[in-house]
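Q: Questions regarding the structure given below will be posed in turn.
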Amino acid sequence: MWRLVLTLTLFSLGSEAMVTCRDNNDHEVDWYILYKAPGEKIPDPQNPPKKKYKTEIRYIYIDSTTQRVDMVPGTTNYKNLIDSSAALGNTLRPILKSVKDMPRNFGFLSYSDQPPGCSANPKKFGHSKGVLMVEQNSYGVWLLHSTPQFPFRRDQNTFWPESGFQNAQTFICVTFHYNQFRNIGKHLQYIRAFPFDYDIPNDFHQELIEATKWVQANPPTTSPYLTLTSKGQQNFYSFAKQQSKDLTVGDLYFTIAKVWVVGRLQPRVYR
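Just so you know, the sequence shown maps onto residues -17 to -1, 1 to 254 in mature numbering (1 follows the signal peptide of the UniProt record, and there is no 0).
See the structure below:
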């Protein structure tokens, strides 16, 4: 009897500790993409003449196991994006706690050019945002996104920032083996990512450690991208463009077009 109880307990703890992309039902997925729609303004209940953005977010979700799902407030199976039990909260659970409560073999790094409470020097750091979490010699997550001040706090109730309600945003989450994070660390150095919250143990990949110390790697001399293979054996390509006034060098889509012939791609940019 005692042996059975111990076995079930260990299995439960191991499942909770798994670092992977997770869907709205807390199931493991190899990857997912989220598109958050622009915010909708409504009268502020506390001050009706003023308006505020609705906190119920409309978004589109797709992952490695499902077709596109439109998450619309008020419909069946809707789960708010900012809920701690939705995809983002489920995925980020390993870091929504104090560092002292994290396992010894676990590391994380949050980077952003628009971090909470400050801003990164645009002349020194790249226009990029993301979170990586990884268990040594196991698996981890790379969550790329566009939301300023995200995650706002490492807390299940306050990880979503007020700055995230207004504009449309995107999130791309991919589950990788630990050995892929060497190249991910290189990529963060290539793009000069600004790390604002992190804890990387000293025996992790040197590239990850250097990414926390603002160490800039030399630009790649061969291809402008790195090939990364997910846990589910899906290939992804991470591009690092140079900063330049010359559009054929400094524009990301020119960089991509040098490698692949891009068809009806109509990117929209802003300044």
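A virtual CB, placed ideally from N, CA and C, is assigned to each residue, including glycine. A quick note: this is a predicted structure, and the numbers were derived from the prediction, not measured.
Would you please state the rounded distance, in angstroms, between the beta carbons of Tyr122 and Phe159? I believe it to be under 8 Å.
A: With a Cβ gap of about 7 Å, Tyr122 and Phe159 count as contacting.
Q: Would you call the region 73 to 89 and the region 44 to 56 touching, i.e. three or more CB-CB distances under 8 Å?
A: Counting Cβ pairs under 8 Å, fewer than three are found: no touch.
Q: Pull up the distance between the alpha-carbon of Asn140 and that of Ile65, whole angstroms please.
A: Going from the Cα of Asn140 to the Cα of Ile65 covers about 8 Å.
Q: Pick out whichever of Ala70, Ile40 and Gln50 has its Cα sitting closest to the Cα of Thr58.
A: Nearest C-alpha to Thr58: Ile40.
Q: What are the boundary residues of the alpha helix (DSSP H) that includes His170?
A: Where His170 is concerned, the enclosing alpha helix (DSSP H) stretches over Phe164 to Tyr173.
Q: On the three-state DSSP scale, how would you describe Lys107?
A: Note: Lys107 maps to coil in three-state DSSP.
Q: Using only alpha-carbon positions, find the residue among Tyr161, Gly168, Asn7 and Phe148 that is nearest to Val52.
A: Checking every option, the nearest Cα to that of Val52 belongs to Asn7.
Q: Tell me whether the beta-carbon of Leu18 lies closer than 9 Å to the beta-carbon of Thr212.
A: According to the sequence displayed, residue 18 carries Tyr and not Leu. No, the pair does not count as a contact, with Cβ atoms beyond the cut-off.
Q: Among Ile167, Lys107 and Arg136, which residue has its Cα nearest to the Cα of Leu126?
A: Nearest C-alpha to Leu126: Ile167.
Q: Given a threshold of 16 other Cβ atoms within 10 Å of its Cβ, counted over all protein chains shown, does Val82 qualify as buried or as exposed?
A: So Val82 counts as exposed.
Q: Looking only at DSSP bridge pairs, what is Met1 linked to?
A: Bridge partners of Met1: none, in fact.
Q: Alpha carbons only, please: which of His188, Ile174 and Asn150 is nearest the one belonging to Tyr161?
A: For the residues His188, Ile174 and Asn150, the minimum Cα distance to Tyr161 belongs to His188.
Q: Who are the Cβ neighbours of Met1 in its own chain at under 6 Å, not counting the five residues just before and after it?
A: Contacts found: none.
Q: Leaving out five residues on either side along the sequence, give the residues of the same chain with a beta carbon under 8 Å from the beta carbon of Ala20.
A: Ile40, Arg41, Tyr42, Ile43 and Ala151.
Q: Rounded to whole angstroms, how far is the Cβ of Cys101 from the Cβ of Val124, which I believe are closer than 8 Å?
A: About 25 Å separates the two Cβ atoms, so there is no contact after all.
Q: So is Ser(-3) buried or exposed if we call it buried at 16+ other beta carbons inside 10 Å?
A: At Ser(-3) the pLDDT is 41, less than 50, meaning the model places this residue with poor confidence; the figure from the coordinates comes in the next sentence. Looking at its Cβ environment, which holds fewer than 16 other Cβ atoms inside 10 Å, Ser(-3) is exposed.
Q: In or out: Gln217 buried (at least 16 other Cβ within 10 Å) or exposed?
A: Gln217 comes out exposed.
Q: Under the assumption that Ala70 contacts Tyr15 (Cβ atoms under 8 Å), give the Cβ distance between them as a whole number of angstroms.
A: That belief holds up - the Cβ atoms of Ala70 and Tyr15 are roughly 6 Å apart, short of 8 Å.
Q: Exposed or buried, Asn175, counting other C-beta atoms within 10 Å across all chains shown (16 or more means buried)?
A: The sequence given here has Arg at residue 175, not Asn. Label assigned to Arg175: buried.
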